[in-house]
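*Asks:* Just dropping this structure here.
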Amino acid sequence: MQRRQFLQISGAGLLSQFASRSEAFTGSTGNFPPVGFNTLPIPPLLTGGTFHLSLQSGQMEFLAGKKTPTYGINGNFLGPAIKVRNGDAVSLNVTNNLAEPTAIHWHGMHLPANMDGGPHQLIQPGASWNAMFNVKQQAATNWFHPHTLDQTGRQVYMGLAGLLIVEDANTDGLDLPKTWGEDDIPLIIQDRRFHTDGSFAYLSSMMDSYQGMYGNVFLVNGAVSPRASLPAKEVRLRLLNGSNARVYRLAFSDGRAFKQIATDNALLEAPVELSTLILSPGERAEIVVNCSADLGKNFILLDTLSRASLLMLSIDKVPAQITTTPKTLTTLNWLDPAKATRTRAFNLSMGMRMGMGMMGVGNASGSGAQFLINGASMNMARIDQTVPLNDIEIWEIRNVGMMGMTHSFHVHGTHFTILERNGKAANVRAYEKGYKDTVLLNSGEVVKIIIKMTDYITGANAPYMYHCHILEHEDRGMMGQFIVT
Ligand code: C2O
Ligand code: CU
Ligand code: CU
Numbered sequence: 003m004q005r006r007q008f009l010q011i012s013g014a015g016l017l018s019q020f021a022s023r024s025e026a027f028t029g030s031t032g033n034f035p036p037v038g039f040n041t042l043p044i045p046p047l048l049t050g051g052t053f054h055l056s057l058q059s060g061q062m063e064f065l066a067g068k069k070t071p072t073y074g075i076n077g078n079f080l081g082p083a084i085k086v087r088n089g090d091a092v093s094l095n096v097t098n099n100l101a102e103p104t105a106i107h108w109h110g111m112h113l114p115a116n117m118d119g120g121p122h123q124l125i126q127p128g129a130s131w132n133a134m135f136n137v138k139q140q141a142a143t144n145w146f147h148p149h150t151l152d153q154t155g156r157q158v159y160m161g162l163a164g165l166l167i168v169e170d171a172n173t174d175g176l177d178l179p180k181t182w183g184e185d186d187i188p189l190i191i192q193d194r195r196f197h198t199d200g201s202f203a204y205l206s207s208m209m210d211s212y213q214g215m216y217g218n219v220f221l222v223n224g225a226v227s228p229r230a231s232l233p234a235k236e237v238r239l240r241l242l243n244g245s246n247a248r249v250y251r252l253a254f255s256d257g258r259a260f261k262q263i264a265t266d267n268a269l270l271e272a273p274v275e276l277s278t279l280i281l282s283p284g285e286r287a288e289i290v291v292n293c294s295a296d297l298g299k300n301f302i303l304l305d306t307l308s309r310a311s312l313l314m315l316s317i318d319k320v321p322a323q324i325t326t327t328p329k330t331l332t333t334l335n336w337l338d339p340a341k342a343t344r345t346r347a348f349n350l351s352m353g354m355r356m357g358m359g360m361m362g363v364g365n366a367s368g369s370g371a372q373f374l375i376n377g378a379s380m381n382m383a384r385i386d387q388t389v390p391l392n393d394i395e396i397w398e399i400r401n402v403g404m405m406g407m408t409h410s411f412h413v414h415g416t417h418f419t420i421l422e423r424n425g426k427a428a429n430v431r432a433y434e435k436g437y438k439d440t441v442l443l444n445s446g447e448v449v450k451i452i453i454k455m456t457d458y459i460t461g462a463n464a465p466y467m468y469h470c471h472i473l474e475h476e477d478r479g480m481m482g483q484f485i486v487t
């Protein structure tokens, strides 16, 4: 199976930006001349308790000789990585230096809803917003991004996103790669499409508003054709699918196995050995790739769905020290379905607003394609669900839409675990058996999750959100609001 996939890839030639060098890749660790690549940028790691984030406009040269107008956080594109510790009180001060309102959401964080940065916590141009909360969760790779009603997709596309890493006493004691930018490497994977003048071609095709934005140029940490220079040892990759709509199936060009050590919201109890990993928009995974025997070799991180090359990994450094990933990583708390108080249903479907064809470029309040949860599109004045604090609940999410639509269901303020996929516990993939906040539903799929809202009750003026993380679906109505009482 695996073998056939890679033969297919090399046979067809690697698409996108590596196309001209595809002959170097015939399924093994080829000797890929490291020329014409851009050094993989590593976002600066900010630590401490108080953080200042400035949302600003800028420009980048993604395509040679062309300037792309962008947004960034403390820079031109994307933002810093913020590292916090379980138990710490943190203050995140966000200043909006853009010419439009926005909101900044802390995706994956367990915090009070009024600090969550959803569409109700809008930051006007020139204004600042201070999110203050106590970190109360296990180590994880979370992230932050805009959550402006109807405008999230465009604002993320322009470049607003960054990592929010949680560490804890448990990870301190684990022999995992943890030297930032050396053997602990963040990878924010995105795709973009450009106009000929170099500007982003957001919502420029008829398909974009219902399929979501798919690009033909791949960026990792904001770089095209990136290359990472890595030590010959275990390397930890913190993967974030920061794309608006694209689902990736990640693998390495030599077919090598790797270990997944974390899902969205926590380490896995034990590493899971894989050779491919599916990540839908908003999902994260941490993996450990053992490169100890690879000094002098190059291989590529691929997306086997689009056949794109995402990142060249050049193992060209002698490590200062080695790590040995432990066999057990953490203990997770598994909620008992027998103790569930109720089951809630979430039906994800598609509709359209009358007066315009389905092909129209619409948003939640305009015309064109509409995305619905339980038959309704997002309304900030309507609370869709009321969840009692500390009740164990089962949420059944059904992708009932037609047209082969994929959705990526995300819940704010907490994590969940997956009980069943398509009616069976056995269908839950090994790498989904951990704390999750986002889950992929292919067309027709049904996923049952178990969830409990703890610690924070909310008011109707600051609800939590649940929504599809395909941002064009979210912006076209596929979002609902819940309060905790
Ligand atoms: Cu990452 Cu409500 O979003
Ligand atoms: Cu979120
Ligand atoms: Cu969707």
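What the sequence shown shows, in the working numbering, is residues 3 to 487, in sequence order.
Note that CB positions come from ideal geometry on N, CA and C, so glycine has one too.
For Tyr468, which residues of its own chain have a beta-carbon under 6 angstroms away from its beta-carbon, when the five flanking residues on both sides are left out?
*Replies:* Answer for Tyr468: Val413, Gly482, listed in chain order.
*Asks:* If you compare alpha carbons, which of Gly403, Leu252, Ala133 is closest to Leu239?
*Replies:* Minimum Cα distance to Leu239 is reached at Leu252.
*Asks:* Compare the Cα-Cα distances from His112 to each of Asp477, Asn463, Tyr437, Gly128 and report the closest residue.
*Replies:* Per the Cα distances, Tyr437.
*Asks:* Just to confirm, are Asn136 and Gln192 a CB contact at a threshold of 9 angstroms?
*Replies:* For Asn136 and Gln192, no; Cβs fall outside 9 angstroms.
*Asks:* Taking DSSP as the reference, what is the three-state secondary structure of Asn429?
*Replies:* It is helical.
*Asks:* Taking Gly74 as part of the alpha helix (DSSP H), name the residues at either end of that continuous run.
*Replies:* Counting along the chain, Gly74 falls outside any alpha helix (DSSP H), though it belongs to the beta strand (DSSP E) covering 70-75.
*Asks:* Quickly, what does DSSP pair Val291 with across the bridge? List them, please.
*Replies:* BP columns for Val291 point to Val237.
*Asks:* Output yes or no for whether 9 angstroms exceeds the beta carbon distance between Ala264 and Glu236.
*Replies:* Not in contact: Ala264 and Glu236 (Cβ atoms no closer than 9 angstroms).
*Asks:* Look at the Cβ atom of Ile375, then the Cβ atom of Asp386, and state whether they are nearer than 9 angstroms.
*Replies:* Yes, Cβ-Cβ distance for Ile375 and Asp386 is below 9 angstroms.
*Asks:* Can you give the Cα-Cα distance for Pro114 and Thr460, rounded to whole angstroms?
*Replies:* So the two alpha carbons sit approximately 7 angstroms from each other.
*Asks:* Does the separation of the CB atoms of Phe220 and Leu312 fall below 9 angstroms?
*Replies:* Contact: yes.
*Asks:* Taking its Cβ as the centre, do 16 or more other Cβ atoms sit within 10 Å of His409, making it buried, or is it exposed?
*Replies:* Buried.
*Asks:* Which term fits Thr419, buried or exposed, when burial requires 16 or more other beta carbons within 10 angstroms of its beta carbon?
*Replies:* Buried, because 16 or more other Cβ atoms sit within 10 Å of the Cβ of Thr419.
*Asks:* Can you find a heavy atom of ligand 2 that lies under 8 angstroms from the Cβ of His107?
*Replies:* Yes, Cβ of His107 sits closer than 8 angstroms to a heavy atom of ligand 2.
*Asks:* Please state whether DSSP places His475 in a helix, a strand or coil.
*Replies:* His475 falls in the helix class under three-state DSSP.
*Asks:* For Val249, name the three-state secondary structure that DSSP assigns.
*Replies:* In this structure, Val249 counts as coil in the three-state DSSP scheme.
*Asks:* To which residues of the same chain is Phe373 closer than 6 angstroms at the C-beta, ignoring the five residues directly before and after it?
*Replies:* Answer for Phe373: Met352, His475, Arg478, Gly479, Met480, listed in chain order.
*Asks:* So, for Ala225: in the same chain, excluding its five sequence neighbours on each side, which residues have a beta-carbon less than 8 angstroms away from its beta-carbon?
*Replies:* Taken in chain order, the residues that qualify are Asn40, Thr41, Leu42, Pro43.
*Asks:* Taking a contact to mean a Cβ-Cβ separation below 9 angstroms, would you say Ala464 touches His107 in this structure?
*Replies:* Against a cut-off of 9 angstroms, the Cβ pair of His107 and Ala464 comes out as no contact.
*Asks:* Do Met117 and Ala133 have their C-beta atoms closer together than 9 angstroms?
*Replies:* Yes; because the gap between Cβ atoms is below 9 angstroms, this pair is in contact.
*Asks:* Please return the same chain residues whose Cβ sits closer than 8 angstroms to the Cβ of Thr330, not counting the five positions on each side in sequence.
*Replies:* Cβ neighbours of Thr330 beyond the five flanking positions: Glu271, Ala272.
*Asks:* Would Val274 pass as a contact of Val168 if the rule is Cβ separation under 9 angstroms?
*Replies:* No.
*Asks:* Short check: CB of Ile396 to CB of Ala342, under 9 angstroms?
*Replies:* Cβ atoms of Ile396 and Ala342: closer than 9 angstroms.
*Asks:* Spell out a yes or no on whether the stretch 94-105 and the stretch 49-57 are touching, meaning 3 or more CB-CB pairs, one atom from each, closer than 8 angstroms.
*Replies:* The stretch 94-105, when compared against the stretch 49-57, does touch it at the 8 angstroms Cβ threshold.
*Asks:* Run through DSSP, which three-state label would Glu102 get?
*Replies:* Glu102 falls in the coil class under three-state DSSP.
*Asks:* Arg156 lies in the alpha helix (DSSP H); which residues open and close that run?
*Replies:* Note, Arg156: alpha helix (DSSP H), 154-159.
*Asks:* When you measure from the CB of Met215 to every non-hydrogen atom of ligand 2, does any distance come out below 8 angstroms?
*Replies:* Every heavy atom of ligand 2 is 8 angstroms or more from the Cβ of Met215, so no.
*Asks:* Would you mind giving the Cβ-Cβ distance between Leu232 and Ser316, rounded to the nearest angstrom? I have them listed as a contact below 8 angstroms.
*Replies:* Right, the Cβ-Cβ distance comes to about 7 angstroms (below 8 angstroms), so this counts as a contact.
*Asks:* I want to check one thing, is the minimum distance from the CB of Asp185 to the heavy atoms of ligand 2 below 8 angstroms?
*Replies:* Not under cutoff, so the answer is no.
*Asks:* On the DSSP bridge list, what partners appear for Phe418?
*Replies:* According to DSSP, which records beta bridges pairwise, Phe418 is partnered with Lys438, Ile453.
*Asks:* Measuring only the C-alpha atoms, how far is Ala268 from Ala322?
*Replies:* Whole-angstrom Cα-Cα distance: 28 angstroms.
*Asks:* Measuring from the CB of Asp500, is there a heavy atom of ligand 2 at a distance below 8 angstroms?
*Replies:* No information on residue 500 is available, as it lies outside the stretch 3 to 487 that the chain covers here.
*Asks:* Since Thr487 and Thr388 should fall inside the 8 angstroms C-beta cutoff, what is the C-beta to C-beta distance between them, to a whole number of angstroms?
*Replies:* Thr487 to Thr388, Cβ: 6 angstroms. Contact.
*Asks:* Okay, do the stretch 158-177 and the stretch 138-146 touch, 3+ Cβ pairs below 8 angstroms being the bar?
*Replies:* The answer is yes - the stretch 138-146 touches the stretch 158-177, with three or more Cβ pairs under 8 angstroms.
*Asks:* Give me every residue whose Cβ sits closer than 5 angstroms to any heavy atom of ligand 3, in chain order.
*Replies:* Listed along the chain, these residues meet the criterion: His409, Cys470, Ile472, His475.
*Asks:* The alpha helix (DSSP H) that contains Asp174, what's its start and end?
*Replies:* Segment 171-174, the alpha helix (DSSP H) holding Asp174.
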